[in-house]
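S.K.: Chains as they are written, first to last, in this note's numbering: chain A, 1 to 291; chain B, 1001 to 1091.
Yeah, the Cβ is synthetic: ideal placement off N, Cα and C, and Gly gets one too.
Since we're looking at a predicted model, the values are computed, not measured.
The following block contains the structure, expressed as structure tokens.
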Amino acid sequence: MTGFGGFTEEQVLRYSRHIILPKIGAAGQRKLLEARVLCVGAGGLGSPVAMYLAAAGVGTLGIVDFDKVDLTNLQRQLLHDTDDVGRPKVDSAAERLNGINPDVNVVKHDTVLSSDNAFDILGQYDVVVDGSDNFPVRYLVNDATQMLGKPLVYGSIFQFDGQASVFMPGQETPCYRCLFPEPPPPGTVPSCAEGGVFGVLPGIIGSIQAVEAIKLITGVGAPLVGRLLLFDALEMDFTTVKLRWDPDCPVCGKHPTVTELIDYDRFCGLAPGEVPLEAEHGVSTSTSAEA
Amino acid sequence: MAVRVKIPTILRTHVGGSPEVQGEGGTVRDLLQDLERRYPGITGRILTDEGRLHRFVNLYVNDEDVRYLGSLETQVIEGDTVSILPAVAGG
Chain A
1 MTGFGGFTEE QVLRYSRHII LPKIGAAGQR KLLEARVLCV GAGGLGSPVA MYLAAAGVGT
61 LGIVDFDKVD LTNLQRQLLH DTDDVGRPKV DSAAERLNGI NPDVNVVKHD TVLSSDNAFD
121 ILGQYDVVVD GSDNFPVRYL VNDATQMLGK PLVYGSIFQF DGQASVFMPG QETPCYRCLF
181 PEPPPPGTVP SCAEGGVFGV LPGIIGSIQA VEAIKLITGV GAPLVGRLLL FDALEMDFTT
241 VKLRWDPDCP VCGKHPTVTE LIDYDRFCGL APGEVPLEAE HGVSTSTSAE A
Chain B
1001 MAVRVKIPTI LRTHVGGSPE VQGEGGTVRD LLQDLERRYP GITGRILTDE GRLHRFVNLY
1061 VNDEDVRYLG SLETQVIEGD TVSILPAVAG G
């Protein structure tokens, strides 16, 4: 069944509101259908990211998460249903995403993201979206995307506050290490399990990440590069601050000293195999995580 | 000189839950000392024992990171907004 511009008739209808939209159009929709995006984490941030990207017709959507759905996730992680409790998150995520849009090829990475497999997994994608929940994975994903030359859409949340930015490789623009050169010592930042998280917050920040991913794929607008968006849900305050490239950054600076992936648990002050306190869902670099 | 200081959720327990407080001082360092006098313990989350900025907390004067201004000696004037931004990892 052929429709118009290489789209099927069903695709013309499904994506019609993008196809008629100035700046996206048929060409932008074609780019979305051909895009390969990896969501690191199928939790609070990963849910809106993956659901909006699936609805938008991103052709290949990878999900990396080794965790199982827990009842405490359902207050905010819209990828998963009550009946999914106990199932691998990648399975319930794939079902939800293909329910939204069967065009999407969902690739399940039901595994621990580590320095050993990060290049293999991230290397398959054009854009990486970080929806992880702990510092070791955040530094791992940052370093790996910088080394692979992939754009990274960053988002992070705690209680009522969220942050988002876009880190581009190789353009003298900042990366996560330029923002926070070192992680806080273990135990000094409470986890969402300890401190709680406002359920809608990841919906806001994850949706912003989805916006930025689609802008990167289609090449429209001004990406959130060199800027850090701060959101305070209680005050309903959005602020943007400058995020500067650090020429001395060990990863993206003029003379990088970290040129291969390192032991991120150790970098974050954890003993081998120790689960980061802040980890609450399954993209820890460690081999087990409390859900 | 009164400077507006935006307090992130994670530090609001130190200031009775307020999202922002007013502080006094001509530099960021003076301002932090003023906050510490009134809200004991708050700068322990911002400064090292040696009195330097932690590398996992950023301070902004308006929209500029103080690391790219004068660090703790960055001057602040009435009407400025100082934002405290700790690293958080939740997702």
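Based on Cα-Cα distance, which residue from A/Asp130, A/Asp248 and A/Phe180 lies nearest to proline 1086 of chain B?
M.R.: Closest option to proline 1086 of chain B, Cα to Cα, is A/Phe180.
S.K.: Going by C-alpha to C-alpha distance, which of A/Glu172, A/Ser156 and A/Phe4 sits closest to proline 255 of chain A?
M.R.: For the record, residue 255 of chain A in the displayed sequence is histidine; it is not proline. Answer by Cα proximity: A/Glu172.
S.K.: Work out the CA separation of glutamate 194 of chain A and glycine 1025 of chain B for me, nearest whole Å.
M.R.: Roughly 35 Å separates the two Cα atoms.
S.K.: Does any CB atom of chain B fall closer than 9 Å to the CB of valine 90 of chain A?
M.R.: Not an interface residue.
S.K.: DSSP three-state label for glutamine 1033 of chain B, please.
M.R.: Looking at glutamine 1033 of chain B - three-state DSSP - the assignment turns out to be helix.
S.K.: Under a CB-based cut-off of 9 Å, is valine 258 of chain A close to chain B?
M.R.: So no, valine 258 of chain A is outside the interface.
S.K.: Rounded to the nearest angstrom, what separates valine 220 of chain A and isoleucine 24 of chain A at their Cα positions?
M.R.: Each residue's Cα considered, the two are about 8 Å apart.
S.K.: Using a Cβ cut-off of 9 Å (strictly closer), state whether threonine 1009 of chain B contacts chain A.
M.R.: Taking Cβ atoms only, chain A reaches closer than 9 Å to threonine 1009 of chain B, which makes this a yes.
S.K.: What is the rounded straight-line gap between the Cα of proline 190 of chain A and the Cα of arginine 30 of chain A?
M.R.: Going from the Cα of proline 190 of chain A to the Cα of arginine 30 of chain A covers about 43 Å.
S.K.: Less than 9 Å between the beta carbons of alanine 118 of chain A and leucine 140 of chain A, yes or no?
M.R.: Contact: yes.
S.K.: Exposed or buried, which one is isoleucine 204 of chain A when buried takes at least 16 other CB atoms within 10 Å?
M.R.: Classification for isoleucine 204 of chain A: buried.
S.K.: Look at the alpha carbon of lysine 215 of chain A and the alpha carbon of glycine 59 of chain A, and state the distance between them as a whole number of angstroms.
M.R.: Those two C-alpha atoms are separated by around 15 Å.
S.K.: Let me know if alanine 222 of chain A comes out buried or exposed under the rule of 16 or more other beta-carbons within 10 Å of its beta-carbon.
M.R.: So alanine 222 of chain A counts as exposed.
S.K.: Using only alpha-carbon positions, find the residue among A/Leu38, A/Leu261, A/Leu270 and A/Thr72 that is nearest to glutamine 124 of chain A.
M.R.: Checked all of A/Leu38, A/Leu261, A/Leu270 and A/Thr72; the closest Cα to glutamine 124 of chain A is A/Leu38.
S.K.: Can the beta-carbon of asparagine 134 of chain A be found less than 9 Å from the beta-carbon of proline 276 of chain A?
M.R.: In this structure, proline 276 of chain A lies closer than 9 Å to asparagine 134 of chain A by Cβ.
S.K.: Is the Cβ of proline 1040 of chain B closer than 9 Å to any Cβ of chain A?
M.R.: No, its Cβ sits nowhere closer than 9 Å to a Cβ of chain A.
S.K.: What is the DSSP secondary structure of valine 1015 of chain B, counted as helix, strand or coil?
M.R.: Here valine 1015 of chain B sits in helix by DSSP.
S.K.: Excluding the five sequence neighbours on either side, which residues of its own chain have a C-beta within less than 8 Å of the C-beta of asparagine 101 of chain A, listed in chain order?
M.R.: The residues are Arg14, Ala54, Ala55 and Gly57.
S.K.: Using three-state DSSP, classify arginine 244 of chain A as helix, strand or coil.
M.R.: If DSSP states are grouped into helix, strand and coil, arginine 244 of chain A belongs with coil.
S.K.: Identify whether cysteine 252 of chain A lies in helix, strand or coil by the three-state DSSP scheme.
M.R.: Note: cysteine 252 of chain A maps to coil in three-state DSSP.
S.K.: Kindly say whether alanine 50 of chain A, judged by its beta-carbon, lies nearer than 9 Å to any beta-carbon of chain B.
M.R.: False, the Cβ-Cβ gap to chain B never drops below 9 Å.
S.K.: Should methionine 168 of chain A be labelled buried (16 or more other beta-carbon atoms within 10 Å of its own) or exposed?
M.R.: With 16 or more other Cβ atoms within 10 Å, it is buried.
S.K.: Report back the beta-carbon spacing between isoleucine 63 of chain A and glycine 1090 of chain B to the nearest angstrom; my notes put them in contact at under 8 Å.
M.R.: No, isoleucine 63 of chain A and glycine 1090 of chain B are not in contact; Cβ-Cβ is about 18 Å, not under 8 Å.
S.K.: Could you name the residues that DSSP lists as bridge partners for cysteine 39 of chain A?
M.R.: In DSSP, cysteine 39 of chain A forms a bridge with A/Ile63 and A/Val129.
S.K.: Using a Cβ-Cβ cut-off of 9 Å, state whether glycine 59 of chain A counts as contacting chain B.
M.R.: False, the Cβ-Cβ gap to chain B never drops below 9 Å.
S.K.: Tell me, to the nearest whole angstrom, how far the beta carbon of glutamine 209 of chain A is from that of leucine 45 of chain A; I am working on the premise that it is less than 8 Å.
M.R.: Contact holds; Cβ gap of about 7 Å.
S.K.: By the DSSP assignment, the beta strand (DSSP E) with histidine 80 of chain A in it spans what residues?
M.R.: Where histidine 80 of chain A is concerned, there is no enclosing beta strand (DSSP E), given that its DSSP letter is neither H nor E.
S.K.: Please list, in chain order, the chain B residues whose beta carbon lies closer than 7 Å to that of leucine 234 of chain A.
M.R.: Under the 7 Å cutoff, chain B gives Pro1019.
S.K.: Taking just the CA atoms, how far does leucine 61 of chain A sit from tyrosine 1039 of chain B?
M.R.: Straight-line Cα distance between these residues: approximately 47 Å.
S.K.: Please classify phenylalanine 198 of chain A: is it buried, with 16 or more other beta-carbons within 10 angstroms of its beta-carbon, or exposed?
M.R.: The residue in question, phenylalanine 198 of chain A, is buried, as its Cβ has 16 or more Cβ neighbours within 10 Å.
S.K.: Compare the C-alpha of lysine 68 of chain A against each of A/Pro48, A/Lys89, A/Tyr52 and A/Asp161 and name the closest.
M.R.: Closest option to lysine 68 of chain A, Cα to Cα, is A/Lys89.
S.K.: To which residues of the same chain is glutamate 34 of chain A closer than 6 Å at the C-beta, ignoring the five residues directly before and after it?
M.R.: Cβ within range, chain order: Gly59.
S.K.: Does at least one heavy atom of the ligand NAP sit under 8 Å from the Cβ of histidine 1054 of chain B?
M.R.: Inclusion of the ligand NAP in the displayed structure is not the case, the ligand content being empty and no account of it being possible.
S.K.: If you drop the 5 nearest sequence neighbours on each side, which residues of the same chain put their C-beta closer than 7 Å to that of proline 1008 of chain B?
M.R.: These residues qualify, in order along the chain: Ile1084, Leu1085 and Pro1086.
S.K.: Tell me which residues share the same chain as valine 225 of chain A and place their Cβ nearer than 7 Å to its Cβ, disregarding the 5 neighbours each side in the sequence.
M.R.: So the qualifying residues of the chain are Val166, Met168 and Thr173.
S.K.: CB alanine 26 of chain A to CB glycine 43 of chain A, shorter than 9 Å?
M.R.: No, Cβ-Cβ distance for alanine 26 of chain A and glycine 43 of chain A is not below 9 Å.
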